[in-house]
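Trainee: Going by our numbering, the sequence shown opens with residue 289, and the numbers climb by one from there. Here it is, the structure, as structure tokens.
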Amino acid sequence: MTRRDPFGEIEELLERMGREFEELGGTLDAPGGPRLPGARDVAVDVIEDDESITVLADLPGFDDEDIDVELREESLSIAATREEERDVADGAGDADAEGVRYRRRERRSRSVSRRVPIAEPVERDGATASYENGVLTVTLPKRSESGEGHSIDVS
């Protein structure tokens, strides 16, 4: 009996849908193209040189503690969540601790995510991430192809 992987099936379906859109002459993230909620919420650049793969992700308005980065088998997952609170005074209401009166106080939550395929094998231990001015930079050093072994101490 074979074991089903529903998450893998969903991922395959989404990739197939993306290919179908491309064949029709558009993409999910093309300017002016169809916009699906949650699709390509994070714009990324992937830069590759001989020694590393660098992923730049636009995450304006988030704090570094709002961002989660995870390196999986063949992909990099980026997710960010933030709570926004906006106070709107449109008349007399109950006073808060500071004596300010609000009739309406609005809150919302914003979550974005993106999975970036990584085509080359990388060194997980050497991966670094930094966040500055709304841009997340993740650097993934490529695994050396020299065939040299790595000594592991036995304790």
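We treat Cβ as the ideally placed atom computed from N, Cα and C, and that holds for glycine.
Pro405 and Ser340 look like a contact to me (Cβ under 8 angstroms); what is the Cβ gap, rounded to whole Å?
Mentor: Not quite, the Cβ-Cβ distance comes to about 16 angstroms (not below 8 angstroms), so this is no contact.
Trainee: Here's the rule: buried if 16 or more other CB atoms are within 10 angstroms of the residue's CB, otherwise exposed. What is Val388?
Mentor: Val388 is exposed by the Cβ-count criterion.
Trainee: In three-state DSSP terms, what is Asp329?
Mentor: Note: Asp329 maps to coil in three-state DSSP.
Trainee: So, helix, strand or coil for Ile298, using DSSP?
Mentor: Three-state result, Ile298: helix.
Trainee: Does the distance from the C-beta atom of Thr365 to that of Arg392 stay below 8 angstroms?
Mentor: Checking the displayed sequence, the identity of residue 365 turns out to be Ser instead of Thr. Contact: no.
Trainee: Please tell me whether Thr398 and Arg431 are closer than 8 angstroms, where the distance is taken between their beta carbons.
Mentor: Per the sequence shown, residue 398 should be read as Arg rather than Thr. No, they are not a contact pair.
Trainee: Measure from the alpha carbon of Glu362 to the alpha carbon of each residue in Ala407, Thr290 and Glu308, then state which is nearest.
Mentor: When each option's Cα is compared against that of Glu362, the closest is Ala407.
Trainee: Go ahead and label Ala331 buried or exposed: buried means 16 or more other beta carbons lie within 10 angstroms of its beta carbon, across all protein chains shown.
Mentor: Ala331 should be labelled exposed.
Trainee: Ser401 to Asp346, Cα distance in whole Å?
Mentor: So the alpha carbons of these two residues sit roughly 11 angstroms apart.
Trainee: On the criterion of 16 or more Cβ atoms from any shown chain inside 10 Å, does Leu302 qualify as buried, or is it exposed?
Mentor: Flag for Leu302 reads exposed.
Trainee: Using a Cβ-based criterion (distance less than 7 angstroms to any ligand heavy atom), does Ser397 qualify as near the ligand FAD?
Mentor: Of ligands this structure carries none, so the ligand FAD is not represented either.
Trainee: Would you give the residue range spanned by the beta strand (DSSP E) that Ser418 belongs to?
Mentor: That run of the beta strand (DSSP E) goes Thr416 to Glu420.
Trainee: Going by alpha carbons, who is nearest to Pro348 out of Gly414, Val334 and Asp329?
Mentor: Per the Cα distances, Asp329.
Trainee: Is the separation between the beta-carbon of Thr425 and that of Thr342 shorter than 8 angstroms?
Mentor: Contact: yes.
Trainee: Could you name the residues that DSSP lists as bridge partners for Leu428?
Mentor: Answer is Ile341, bridged to Leu428.
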